[in-house]
Amino acid sequence: MSEISATSTAPALEQVFRRALDLSDDVDVTALAYGQHDHWDSVGHMVLVAEIEDAFGVMLDTDDVIGLSDWQAAVELLERLGVS
Amino acid sequence: MSFAGKVALITGSSRGIGWATAQYLAERGATVLLNSRGSEDELDALCTELRASAGGEHGACAFDVADPSAVSAAVRTIFARHRRLDVLVNNAGILDDALLGMIDSDAAARTFATNALGVLNTMQAAGRLLARDGGGAIVNVASIIGVNGNAGQVAYGGSKAAVIGMTRSAAKELAGSGVRVNAVAPGFIDTDMVRNLPAGVFEQRVASVALGRIGSPAEVACAIGWLASEEASYITGQVLGVDGGMLI
C-alpha cells in the first residue's frame, strides 16, 4: 500500500475507513464511532489502525490506538502526527 | 538459514542468551537492535563488537521493557530509522528466588513487570510493525520453571508461565497478520542467573539433566534463531524446551 499525499487527508482518510471497515457508500463516515457500527468492533479497529498506518506512513502507539474512538479523533491524530 | 535484509530487536541482549542470539542472527545477515536497561554507550560498544565479529550494521535501543511508554517510544524510533521489524526476541528477564513465605511483594511485582508485562508491552508495541511487509516472528524466552514450576521460584515460575500463556494467545491473534509467535523454555543454562548458586545446588541441577551437563546460551540461541527463521514457517503458538532433558 503506497503512502497517500499529506495534502489529501480527509478524502484519503475516508477511503481508508471505508476499505478497512468494509462500509457501504450510504454510511456517513464522519459520524462513525467505535462500537457504534457492526464493522467497527475490536477486530475492525485493529484493521483500521493498520490501514491508517500503511496509508499515511505513520506508526501509532498504544495510547493512539486506544484513543482512536471516532472519525474526529482520527483526523486529530493525523494532524498530531504531522499529516495534514 | 538467512536473515539478510531483516531487522531484529532482542530485549535483554547485552549478555547471556540475548547476546548469543544477537550473534547468531548477526552472523546470518540480520540488522540486530541490541537492548538493555543500561546506557546507549554500553550498547554502542557491543554493536561495535558485533560488527567486528559478524559484520553488518547494528543498533542500540536502551529501554526498560517494564515501562510501556519507553517501549512504545523505542518502537517508534525503530519505525523512523528502519521502517520495518522482522524479528522480536523477548529475552529480558530477572530472577529473584525466594520461598513462598518470604517473597517480598515489591520483588514479586518487579519480577512480573519485567518478565511478563515486559513481554506484553513489546508484543503490543511491535506487533503491527512486525505485521507489515508480509509478517514476522516473535520468540519469547520462557523457562522450564514456567512449564514445570520449582520450589523457591513461585514468582519467577508464575511470570514465565504468563509468558507461555501470552505466547499461545498472541499466536492466535496475530496469525492473521502473518506474525508467528513461539517460545523457548530453557533449562539449566550457563548464564549470570546460575553462576551464584550455592554450593551443591549447581551439581544437583546438573544431575537432573539427562544429557548430564549445563547448556550454553549459544544452544538456546540456535533454537530461537530457528523459530524466528523461515524454516519454522508453519510453526506458531509452540513452546520448545531447550533443557537437555532436565527433570524438575
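Keeping their order, the protein sequence lines are chains A and B. According to my numbering, the first sequence is numbered sequentially starting from -12. According to my numbering, the second sequence is numbered sequentially starting from 89. Backbone N, C-alpha and C define an ideal beta-carbon position, used for all residues, glycine too.
Which chain A residues sit within Cβ distance under 9 Å of residue i?
i        : result
B/Gln326 : Going along chain A, no residue has its Cβ under 9 Å from B/Gln326, so there is no contact; the nearest lies around 24 Å.
B/Ala219 : Ala37
From the DSSP output, read off the bridge partner residues of residue i.
i        : result
B/Ile336 : According to DSSP, which records beta bridges pairwise, B/Ile336 is partnered with nothing at all.
B/Gly224 : B/Val267
B/Gly303 : B/Ile277
B/Ala96  : B/Val120 and B/Val175
B/Gly329 : B/Ala273
B/Gln241 : B/Ala186
B/Val297 : B/Met334
B/Asn229 : Per the sequence presented here, residue 229 of chain B reads as Val, with Asn not at that position. Beta-bridge pairing links B/Val229 to B/Val272.
A/Asp57  : A/Ala20
Hey, could you find the ends of the alpha helix (DSSP H) residue i is sitting in?
i         : result
B/Ala150  : Here B/Ala150 belongs to no alpha helix (DSSP H), and DSSP marks it neither H nor E.
B/His170  : Pro156 to His170
B/Asn236  : Ile232 to Asn236
A/Met33   : Ser29 to Phe43
B/Ile191  : Run containing B/Ile191: none; DSSP gives neither H nor E here.
B/Arg125  : Neither: B/Arg125 is in no alpha helix (DSSP H) and is coded neither H nor E.
B/Met211  : Gly206 to Ala219
A/Val70   : Here A/Val70 belongs to no alpha helix (DSSP H), and DSSP marks it neither H nor E.
B/Gly143  : First-last for B/Gly143: undefined, no H or E at that position.
B/Gly106  : Gly104 to Glu115
A/Ala(-1) : Thr(-4) to Leu8
Distance check for residue j and residue i, CA to CA, integer angstroms please.
i          : j         : result
B/Ala298   : A/Glu38   : 50 Å
B/Asp331   : B/Asn228  : 16 Å
B/Gln212   : B/Gly206  : 10 Å
B/Gly126   : B/Ala180  : 12 Å
B/Ser247   : B/Asp194  : 14 Å
B/Thr324   : B/Ala225  : 9 Å
B/Gly100   : A/Asp57   : 38 Å
B/Ser141   : B/Ala196  : 38 Å
A/Met(-12) : B/Ile233  : Below a pLDDT of 50, predicted positions are generally treated as unreliable, and A/Met(-12), at 44, falls in that range; the measurement from the model is reported next regardless. Cα-Cα distance, rounded: 44 Å.
B/Gly189   : B/Thr136  : 45 Å
B/Val175   : B/Leu134  : 19 Å
B/Gly240   : B/Ile105  : 23 Å
B/Ile98    : A/Gly31   : 30 Å
A/His24    : A/Leu8    : 9 Å
A/Ser(-8)  : A/Pro(-2) : Its pLDDT being 48, under 50, A/Ser(-8) is placed unreliably by the model, and nothing is read from it.
B/Tyr322   : A/Phe43   : 32 Å
B/Ala168   : B/Ser231  : 33 Å
A/Thr(-4)  : B/Ile302  : 58 Å
B/Lys94    : B/Leu217  : 13 Å
B/Asn270   : B/Ser160  : 22 Å
B/Trp314   : B/Pro286  : 34 Å
B/Leu208   : B/Arg198  : 14 Å
B/Asp155   : B/Ile182  : 15 Å
B/Gly223   : B/Arg268  : 8 Å
B/Val251   : B/Asn203  : 8 Å
A/Trp27    : A/Asp51   : 16 Å
Taking residue i as the query, report the chain B residues whose CB atoms sit under 8 Å from its CB, ordered along the chain.
i       : result
A/Glu1  : By Cβ distance, chain B contributes nothing, its closest Cβ being about 22 Å from A/Glu1, past 8 Å.
A/Thr49 : Pro156, Ser160, Gln212 and Ala213
Among the options, whose alpha-carbon lies nearest the alpha-carbon of residue i?
i        : options                                   : result
A/Tyr21  : A/Gly54, A/Asp50 and A/Glu40              : A/Gly54
B/Ala150 : B/Ser193, B/Leu131 and B/Ile166           : B/Leu131
A/Leu68  : A/Gln59, A/Val45 and A/Val52              : A/Val45
B/Pro305 : B/Ser124, B/Ala316, B/Val272 and B/Leu335 : B/Val272
B/Glu307 : B/Val235, B/Pro274 and B/Ala148           : B/Pro274
B/Asn238 : B/Met334, B/Val95, B/Tyr112 and B/Glu115  : B/Met334
B/Val153 : B/Leu122, B/Ser257 and B/Ala133           : B/Leu122
B/Gly147 : B/Leu173, B/Ser317, B/Val235 and B/Asp155 : B/Leu173
B/Gly264 : A/His24, A/Val3, A/Ala60 and A/Val34      : A/Val34
B/Ala320 : B/Ile336, B/Gln292, B/Gly303 and B/Gly266 : B/Gly266
B/Glu145 : B/Gln111, B/Ser124 and B/Asn178           : B/Gln111
B/Asp184 : B/Val177, B/Ala108 and B/Ala201           : B/Ala201
B/Met89  : B/Thr109, B/Arg116 and B/Asp221           : B/Arg116
A/Asp41  : A/Ser29, A/Leu65, A/Leu19 and A/Ala60     : A/Leu65
B/Ala214 : B/Asp192, B/Ile166 and B/Thr255           : B/Ile166
B/Trp107 : B/Asp155, B/Cys310, B/Arg256 and B/Val289 : B/Cys310
B/Ala158 : A/Thr49, A/Gln2, A/Leu10 and A/Val3       : A/Thr49
For the beta strand (DSSP E) containing residue i, name the first residue and the last one.
i        : result
B/Arg268 : Val267 to Pro274
B/Thr119 : Thr119 to Leu122
Mind checking whether the beta-carbon of residue i lies closer than 7 Å to any heavy atom of the ligand SAH?
i        : result
B/Pro274 : Annotation note on the ligand SAH: not contained in the displayed structure, which lists no ligands.
Give the interface partners of residue i over in chain A, defined as CB-CB distance under 8 Å, in chain order.
i        : result
B/Phe167 : Met46
B/Arg164 : Met46 and Asp48
Since residue i meets chain B, which of its residues come closer than 7 Å, beta carbon to beta carbon?
i       : result
A/Asp40 : Reading the sequence as shown, one finds Glu at residue 40 of chain A and not Asp. Neighbours of A/Glu40 on chain B, chain order: Arg216.
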